[in-house]
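The numbering of the sequence shown is the numbering used here, which starts it at 1 and goes up by one.
Virtual Cβ for every residue (Gly too), placed ideally from N, Cα, C.
Fair warning: this is a prediction, and the values are worked out from it, not measured in the lab.
Structure, as structure tokens:
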Amino acid sequence: MTESTTRIALVTGASRGLGRSTALKLAEQGVDVILTYKGSESEAHAVVRQIEALGRRAVALQLDVADSRSFAAFAERVKTVLANTWHRERFDHLVNNAGIGLHASFAETTEEQFDQLTNVHLKGTFFLTQKLLPLIEDGGRIVNTSTGLARFTFPGYAAYAAMKGGIEVLTRYMAKELGSRGITVNTIAPGAIETDFGGGVVRDNPQANAQIAGVTALGRVGLPDDVGGAVAALLSDGNRWITGQRIEVSGGMML
Ligand code: NDP
1 MTESTTRIAL
11 VTGASRGLGR
21 STALKLAEQG
31 VDVILTYKGS
41 ESEAHAVVRQ
51 IEALGRRAVA
61 LQLDVADSRS
71 FAAFAERVKT
81 VLANTWHRER
91 FDHLVNNAGI
101 GLHASFAETT
111 EEQFDQLTNV
121 HLKGTFFLTQ
131 KLLPLIEDGG
141 RIVNTSTGLA
151 RFTFPGYAAY
161 AAMKGGIEVL
171 TRYMAKELGS
181 RGITVNTIAP
191 GAIETDFGGG
201 VVRDNPQANA
211 QIAGVTALGR
221 VGLPDDVGGA
231 VAALLSDGNR
241 WITGQRIEVS
251 GGMML
């Protein structure tokens, strides 16, 4: 691809887990990547090197999606990186992936925990996207990240799943309002995937792993590449007419 037609994706939380897989799958499809991390700087730079080894360009930036006051300065950094690395003013795809889990019963969830989840997931997705809008190409794509837990119900995820449910509603409103610029907005809702998420319980607890496999049509828990591949596919040209949708990527969990 020539300089002007190479697509550029910004993936939040791509130092590990699903974001890392998404960044690498996009690079395999010929997409350049701006990736963000919160604390895992060396892991993020390792992802940059992997993307460069695939022949694509990548830049890692620090970002705390819970700190909305930092978003204006972050957008300026993205603008500078676009100009310096790509000689461009805008990027093509935004993947709002960064997130944390919380396992606490409804009765025991504290206001502090609730506020933290709000800031990371719902407020972060809302205002980071708002601040980055001028930097997204007309005809661009946005993918927000929900969870299977917004469709089915497991005890201990009331606050977390409520934030993700909010992201699903927000996705439809964003799709409606950004459609005039040709921008599509969709939600990916992963099932239980083997990452560090939630203390790595799905990956490291054999009982939890077997229980989830038992309620999954494809008979196993998910792996990061199951989701990264789906996000990259959603961002490919063949899916340009899909917008405002929730796409579950769970291997058929709790059907
Ligand atoms: P991981 O814990 O493996 O990775 C989380 C990523 O998000 C890291 O890159 C981390 O950065 C970053 N991050 C965490 N908090 C912040 C923050 N405040 N600001 C910026 N970046 C942050 O999680 P997963 O990859 O499993 O999860 C990714 C997304 O998928 C989340 O939104 C999660 O809710 C969702 N999800 C995950 C499921 C699963 O089973 N794994 C199931 C359904 C949804 P750093 O490395 O620097 O800490």
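**Message:** Here's a check: name, in chain order, each residue in its chain whose Cβ is nearer than 6 Å to the Cβ of Arg69, leaving out the five neighbours to either side.
**Reply:** none
**Message:** Tell me the DSSP secondary structure of Glu177 in three-state form.
**Reply:** helix
**Asked** Which parts of the region 125-213 are runs of the alpha helix (DSSP H), unbroken and 4 residues or longer, counting only runs that do not cross its ends?
**Response** The qualifying runs are 158-178, 197-204.
**Request:** Would you mind working out which of Gly182, Asn205, Ile212 sits nearest Thr243, comparing C-alpha positions?
**Result:** Gly182
**Message:** In this structure, how does DSSP classify Asp92 when only helix, strand and coil are distinguished?
**Reply:** In the three-state DSSP reduction, Asp92 falls in the strand class (E or B).
**Message:** Please report the straight-line C-alpha distance between Met1 and Asp115, rounded to a whole angstrom.
**Reply:** The predicted position of Met1 is uncertain, since its pLDDT is 44 and thus under 50; a value taken from the coordinates is nonetheless stated next. Approximately 44 Å between the Cα atoms of the pair.
**Message:** Which of the three DSSP states is assigned to Val221 in this structure?
**Reply:** coil
**Item:** Exposed unless 16 or more other CB atoms sit within 10 angstroms - verdict on Lys176
**Value:** exposed
**Message:** Would Ile193 and Leu18 be called neighbours here (beta carbons separated by less than 9 Å)?
**Reply:** yes
**Request:** Could you give the DSSP three-state label for Arg57: helix, strand or coil?
**Result:** coil
**Request:** From the DSSP output, in three-state form, read off Thr243 for me.
**Result:** coil
**Asked** Should Glu248 be labelled buried (16 or more other beta-carbon atoms within 10 Å of its own) or exposed?
**Response** buried
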